[in-house]
Structure formats: structure tokens, C-alpha cells
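To start, the structure under review is shown below, and the notes come after it.
Following this line, the structure appears as C-alpha cells:
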């Protein structure tokens with residue numbers, strides 16, 4: 002998979018940009034605040050329908066405009082496709098091959114993207130909500146059924162919480178119906194999350210060892226309210242937990258237990274990485290997790306996603322930079338941002354490397370990398 006043409010209009014500081022991207026490594030360089038990250042953010046937003054920097058679409062719209070538009074043509078297998086997303090103050094509108102998509106599940110997963118950004122370094126120390134968000138975003142791109150049940154679960158959870166607030170007109174029979182449906186969707190989310198975390202653990206350890214040159218071991222513990230692979234047993238245990246928590250739920254007026262509280266914990270050499278790993282180790286662990294997800298998507302979809310590395314090389318030591326360059330060298334398409342061209346590129350042969358100098362939201366120079 003690779004993007005051929007990218008058009009951006011009224012997105013952050015980008016008034017209009019029409020860019021042809023090459024296969025291999027594409028490096029966007031320039032001073033801070035010029036729009037390098039905005040370019041790769043637009044690609045991520047086009048693929049995921051959300052940003053890796055904000056949850057509010059209006060923040061991505063140029064300050065004096067009503068809407069922003071991102072469009073790209075891309076190769077997927079033997080097919081040429083196009084994605085368009087329009088962001089306005091009411092939300093977003095998505096098009097696949099010029100056709101407006103009514104369901105998010107029909108759009109997600111067409112353009113596949115994995116990113117690693119400076120914000121990702123805090124993944125291990127952030128809230129469970131942020132780690133769940135990572136699972137939800139990536140699993141939604143992999144499995145349409147996951148998107149369907151995630152949306153359904155969120156609606157049912159809202160209904161359940163609204164019912165818990167109705168003290169005088171509380172309807173216990175309606176609650177039982179909602180609980181049954183809630184647990185049906187919960188089981189789908191639980192199954193996919195458990196599978197995904199197991200896959201990440203196996204791959205992330207190998208990638209971390211390769212990047213660090215060390216024999217450290219990673220382990221990831223999935224923390225969920227019911228760890229039961231049999232659907233009937235899962236639903237039965239869920240009903241028991243809901244019944245046990247009912248008075249507490251009514252008192253707090255929200256649902257205290259469920260997959261909406263899921264989390265995962267990462268261990269480095271049997272110690273919680275959040276507390277015992279150095280900042281450099283945490284950065285390496287998070288990068289390994291993201292690259293593991295890259296490999297999972299490739300294996301599951303038979304399509305290699307586009308890899309975004311936003312300001313990564315400035316935070317890695319020389320050894321890790323060289324190891325990372327070796328890892329990405331043969332990838333279909335990689336988008337990198339940096340303030341200056343990394344010197345590490347001069348230490349190896351670099352075919353398929355394109356440089357884009359960015360200034361004030363514009364690409365002012367585009368050239369192939371010359372190692373000589």
C-alpha cells in the first residue's frame with residue numbers, strides 16, 4: 002500500500018498543498034512550527050477519521066475557514082482507490098472512491114496507517130482510557146465487526162447509565178435487557194482485545210530486542226473484568242457482576258464494571274515498565290509496540306500499512322536510529338518528520354528516499370536524496 006497523491010486544504014497552517022508521494026522513505030524536514038507534523042497528521046486523520054493530537058475536529062480547521070478537506074489516491078493491492086475526509090465544526094464527512102460513507106465500518110481499514118509520535122512516549126504512564134483508545138483505534142481498522150460492537154456497546158452503556166439515574170422510575174426488567182445486549186457486545190470486544198494484546202506481546206519483545214541490542218523480555222497483561230473465553234460463561238459471570246454491583250451503580254449513577262474499564266500493563270523483565278523502566282526504555286517499548294501493530298496489520302490484511310514516524314530520530318541514540326533505519330529500509334512507504342536530515346542516512350546506501358523541505362505550511366523544495 003502506498004499513497005500516490007495527497008491534497009490538503011485549510012488544514013491547520015496549510016492553506017493548500019498538492020503533493021505527489023514516492024514509494025520508500027519520504028522525509029519532511031524544516032524548522033519547528035512550519036507544518037511538517039501537520040502533513041503527516043492529515044494522512045493519519047484521513048485514515049483513522051481522527052487526529053493523534055486532538056479529539057476536536059474544529060482544532061484542525063484553519064482559523065479563518067469553515068472546513069478542512071484532505072484527499073488522497075492510494076494503491077491497495079492491484080487497485081487504485083481514493084479517500085476524502087471533510088472536517089467542519091459539526092464533525093466529519095468521509096468518502097471512499099467519491100462515494101459518501103454512511104457507516105464508519107465501511108470506511109475504516111481502507112487506508113492503513115500506523116504512527117509513532119512524541120506523544121506516544123507517555124503511553125505507559127497515561128490513563129487506562131488512552132491505552133484502551135489505542136486498542137480501539139487499531140482494532141477498528143482491522144475488523145468491521147469490532148467497530149459495529151464498539152459503537153453498539155457505547156450506546157448501550159449510555160442507556161444503562163441513564164436508566165441508573167432514574168431513581169423514581171427505575172425499570173429493572175429493562176435493565177436486564179440492556180445488560181444482556183451489553184454483554185453480547187462486550188464479549189466481541191474482549192475476544193478481539195485479548196487476541197490483539199497476545200499478538201503484540203509476541204512481536205514487541207522481538208522488535209524491542211532487535212532495536213536495543215539487548216535480551217530484555219517484555220510481557221503485557223490484559224486487565225479486564227471477565228477473562229472467560231466461553232460466551233455463555235462470560236455472559237453468566239457478567240450478569241452476576243452487574244447484579245452484585247447494582248446498588249453501587251445506582252448510588253454512583255454509572256456502570257462501575259465492564260470492558261469500558263479495560264487496561265493493559267507492560268512489564269520489562271518482570272517489572273512494571275511504567276515504574277521501573279527508564280524514559281529511554283519506555284520510548285523503546287512504545288516504539289516496539291507500535292511496530293508490532295504494524296506487523297500484525299500486515300499479516301492480518303496482507304497489506305503493509307503506511308508508517309508515520311513523527312520527530313522520532315531526535316529522541317533516539319545512534320544505535321537505535323541505525324537499527325530503526327534498517328527496519329524501515331524496505332518498507333513500502335514511510336513518512337518521517339525531522340528538523341534536519343538525519344546524518345544516519347549518510348552511513349548507508351539510500352535508494353527510494355525523497356526529501357521535502359517544509360516552510361510556512363508549504364513544500365518549498367522536493368528532491369531525491371543524494372548520498373554522494
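Numbering (my numbering), first residue to last: 2 to 373. Glycine is no exception: its CB is placed at the ideal position from the N, C-alpha and C atoms.
Assuming residue 178 contacts residue 309 under a Cβ cut-off of 8 Å, what Cβ separation, rounded to an integer in Å, is found between them?
If you number the chain shown from 1, residue 178 lands on position 177. If you number the chain shown from 1, residue 309 lands on position 308. Not really, about 43 Å apart at Cβ, beyond 8 Å.
Which of the three DSSP states is assigned to residue 61 in this structure?
The residue labelled residue 61 in the question sits at position 60 within the chain shown. Residue 61 falls in the helix class under three-state DSSP.
So what does DSSP say about residue 161, is it helix, strand or coil?
In the chain shown, residue 161 corresponds to position 160, counting from 1. Three-state result, residue 161: helix.
Looking at the secondary structure, which residues open and close the alpha helix (DSSP H) in which residue 292 lies?
Indexing the chain shown from 1 puts residue 292 at position 291. Run containing residue 292: 280–302, per the alpha helix (DSSP H) assignment.
Residue 77, DSSP secondary structure in three states
One-based indexing of the chain shown puts residue 77 at position 76. In this structure, residue 77 counts as strand in the three-state DSSP scheme.
Among the residues of its own chain, which have a CB less than 6 Å from the CB of residue 165, if the five just before and after it don't count?
Counting from one through the chain shown, the residue named residue 165 turns up at place 164. Closer than 6 Å at Cβ, skipping near neighbours: 250, 251, 254.
Identify the residues that DSSP records as bridge partners of residue 268: which are they?
Within the chain shown, residue 268 is the residue found at index 267, counting from 1. Residue 268 is bridged to 220, 273.
Delimiting residues of the beta strand (DSSP E) encompassing residue 54:
For this step, residue 54 is matched to residue 53 along the chain shown. Where residue 54 is concerned, there is no enclosing beta strand (DSSP E), given that its DSSP letter is neither H nor E.
Rounded to the nearest angstrom, how far is the Cβ of residue 359 from that of residue 37, given a contact under 8 Å?
Mapped onto the chain shown, residue 359 falls at position 358. Mapped onto the chain shown, residue 37 falls at position 36. Going by Cβ atoms, the distance from residue 359 to residue 37 rounds to 5 Å, so yes, they are a contact pair.
Cα-Cα separation between residue 237 and residue 41, rounded to whole angstroms:
Sequence index remark: in the chain shown, residue 237 carries index 236 (1-based). Sequence index remark: in the chain shown, residue 41 carries index 40 (1-based). Those two C-alpha atoms are separated by around 46 Å.
Could you spell out the range, first to last residue, of the beta strand (DSSP E) harbouring residue 338?
Here residue 338 refers to the residue found at position 337 of the chain shown. 334–339 is the extent of the beta strand (DSSP E) around residue 338.
Between which two residues does the alpha helix (DSSP H) harbouring residue 178 extend?
What you label residue 178 is simply residue 177 of the chain shown in a count that begins at 1. That run of the alpha helix (DSSP H) goes 173–213.
Measuring alpha carbon to alpha carbon, tell me which residue in 216, 24, 185, 203 is nearest residue 227.
What you label residue 227 is simply residue 226 of the chain shown in a count that begins at 1. With distances taken between Cα atoms, residue 227 lies closest to 185.
How long is the line joining the alpha carbons of residue 335 and residue 25, rounded to whole angstroms?
Translated into the one-based positions of the chain shown, residue 335 becomes position 334. Translated into the one-based positions of the chain shown, residue 25 becomes position 24. Taking the straight line joining both Cα atoms gives about 6 Å.
Please name the residue, chosen from 284, 316, 305, that lies closest to residue 125 on a Cα-to-Cα basis.
Position 124 of the chain shown holds residue 125. Residue 284 is the option with its Cα nearest to residue 125.
Own chain, CB closer than 6 Å to residue 204, minus 5 neighbours either side, in chain order:
For this step, residue 204 is matched to residue 203 along the chain shown. Cβ within range, chain order: 293, 296.
Which listed residue (5, 104, 39) has its alpha carbon closest to that of residue 364:
The count along the chain shown starts at 1 and reaches residue 364 at position 363. That would be 39, whose Cα lies nearest to the Cα of residue 364.
Considering only their Cβ atoms, is the gap separating residue 322 from residue 345 smaller than 8 Å?
To locate residue 345, count along the chain shown from 1; it is residue 344. To locate residue 322, count along the chain shown from 1; it is residue 321. For residue 345 and residue 322, yes; Cβs fall inside 8 Å.
With a Cβ-Cβ cutoff of 8 Å, do residue 144 and residue 193 count as a contact?
Stepping through the chain shown from its first residue, residue 144 is reached at position 143. Stepping through the chain shown from its first residue, residue 193 is reached at position 192. In contact: residue 144 and residue 193 (Cβ atoms closer than 8 Å).
Closest Cα partner of residue 120 within the set 55, 302, 215:
Along the chain shown, read from residue 1 onward, the residue named residue 120 stands at position 119. Ranking the options by Cα distance to residue 120, first place goes to 55.
Between which two residues does the beta strand (DSSP E) containing residue 127 stretch?
As a working note, residue 127 is residue 126 in the chain shown. Note, residue 127: premise wrong, no beta strand (DSSP E); not H, not E.
Contact check, residue 3 vs residue 208 under 8 Å by CB: the rounded distance?
Position 2 of the chain shown, counted from the first residue, corresponds to residue 3. Position 207 of the chain shown, counted from the first residue, corresponds to residue 208. The Cβ separation is near 22 Å, so there is no contact.
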